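Novice: 527 is the number of the first residue of the sequence shown in my numbering; add one for each residue after it.
Idealized CB from N, CA, C, for every residue including glycine.
Nothing here was measured: the structure is a model prediction, and the numbers come from that model.
Quick one: structure below, then a few questions.
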Amino acid sequence: MIAFQVSLLILTLCLTLLNLVLILGIARKVGRGAGVTPIPAGHLQLSSSPGTPIGEFVATSTQGVTVSRAALELGTVFAFLSPDCAPCQQAMPAFLSYATMNKGTVVSVLSGDYDGDVMATLEALGPVLVEVPNGPVARAFGVIGVPVFVTVGVGNVLATSSKIGPDSRITIPA
């Protein structure tokens, strides 16, 4: 009888060790993403891809200018920003520099109100649209996060980037 109990105990111990090995193997695969390649943060698509048609929209800027899909000009850059977003705050100096060099070819789409000085600066550089997050303009461009900068093609998205400046994909066609 004792031999049977010892055998049962050894069998239980072996099954427990096998179970532990299998669980550790599964945990290791899950920890590595089980073969799924993660998307690097810098490559996260925050708006429609290049070549995607821009949806219909009509909006009035803080200066009273109507901005619509029908009136889009080739090379216009739409900057989608939020005052409560830390990456947007970090991108603002580069965007202001870019917008100053390309005055009149930028449209700022803000989900929230910036302070008076920033608003006045943006308004001097081009139309400023203020809308709720995921508002009609953001939906037309397929925006799902900020900051994102979108260059307009002929009725479609020409380029998109989460940053702006010389090392980004945002360019003004010649």
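Within a Cβ cutoff of 8 Å, which residues of the same chain sit near Glu657, ignoring the five residues on either side of it in sequence?
Specialist: Only Ala585, Val635, Leu636, Ser637, Val663 and Ala664 meet the Cβ criterion.
Novice: Tell me whether Phe667 sits in a helix, a strand or coil according to DSSP, three-state version.
Specialist: It is coil, neither helix nor strand.
Novice: List the residues that DSSP assigns as beta-bridge partners of Asn682.
Specialist: DSSP lists Pro579 as partners of Asn682.
Novice: Go to Ser594, then tell me how far its beta strand (DSSP E) extends in each direction, as first and last residue.
Specialist: Where Ser594 is concerned, the enclosing beta strand (DSSP E) stretches over Thr592 to Ser594.
Novice: For Ile565, is the classification buried or exposed, using 16 other Cβ atoms within 10 angstroms of its Cβ as the cut-off for buried?
Specialist: Any answer about Ile565 is weak, because its pLDDT of 36 lies below 50 and its placement is not dependable; what the coordinates show is given next. By the neighbour-count rule (16 or more Cβ atoms within 10 Å), Ile565 is not buried but exposed.
Novice: Ordered along the chain, which non-local residues of its own chain (more than five positions away) have a Cβ less than 7 Å from that of Pro579?
Specialist: The answer, listed in chain order, is Gly681 and Asn682.
Novice: Straight-line CA distance for Leu537 to Ala529?
Specialist: Cα-Cα distance, rounded: 12 Å.
Novice: Look at Pro653 and Ser608 and say whether their C-beta atoms are less than 9 Å apart.
Specialist: In this structure, Ser608 does not lie closer than 9 Å to Pro653 by Cβ.
Novice: To the nearest whole angstrom, what separates the beta carbons of Thr677 and Ala685, a pair I think is in contact under 8 Å?
Specialist: So it is a contact: roughly 4 Å between Cβ atoms.
Novice: So is Cys540 buried or exposed if we call it buried at 16+ other beta carbons inside 10 Å?
Specialist: Result: exposed.
Novice: Just reading off the alpha helix (DSSP H) that Val635 is part of, what are its end residues?
Specialist: No alpha helix (DSSP H) contains Val635, which is instead part of the beta strand (DSSP E) from Val632 to Leu636.
Novice: According to DSSP, is Leu607 part of a helix, a strand, or is it coil?
Specialist: Looking at Leu607 - three-state DSSP - the assignment turns out to be strand.
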